[in-house]
Amino acid sequence: MRIRKVRELGSSDQPSAGITLPKGDLREDGVIDDRGCLEEQYAKIEKTGDGEYRVRLIDF
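Using our numbering, the first residue of the sequence shown is number 110, and each one after it goes up by one.
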């Protein structure tokens, strides 16, 4: 299990938080190309319980 710090993102009028995802894992999922660049990708975040979230990569 990887431990990541929750970081503050956005501005004071639109506050949000985020975590980083390992590039190696994203590369395995085809989100990072052969040059190491991030492809355009969206994710669905679902709160599943107290302190628990599910993140799924989705296609449009």
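All C-beta atoms, glycine included, are put in the ideal place defined by N, C-alpha and C.
(request) Pick helix, strand or coil for Arg165, following the three-state DSSP scheme. (result) Position 56 of the sequence shown, counted from the start, is the residue given in the question as residue 165. Here Arg165 sits in strand by DSSP.
(request) Compute the distance between the beta-carbons of Arg163 and Thr157, then report whether it is under 8 angstroms. (result) On the sequence shown, residue 163 is found 54 positions in, with the first residue counted as 1. On the sequence shown, residue 157 is found 48 positions in, with the first residue counted as 1. Result yes, Cβ atoms of Arg163 and Thr157 sit closer than 8 angstroms.
(message) I need the straight-line Cα distance from Gly127 to Leu135, nearest angstrom please.
(response) Working through the sequence shown from its first residue, we reach residue 127 at position 18. Working through the sequence shown from its first residue, we reach residue 135 at position 26. When rounded, the distance between both Cα atoms is 16 angstroms.
(request) Kindly identify the DSSP beta-bridge partner or partners of Arg116. (result) For the purposes of this step, residue 116 is taken as the residue at position 7 of the sequence shown. Arg116 pairs with Gly127.
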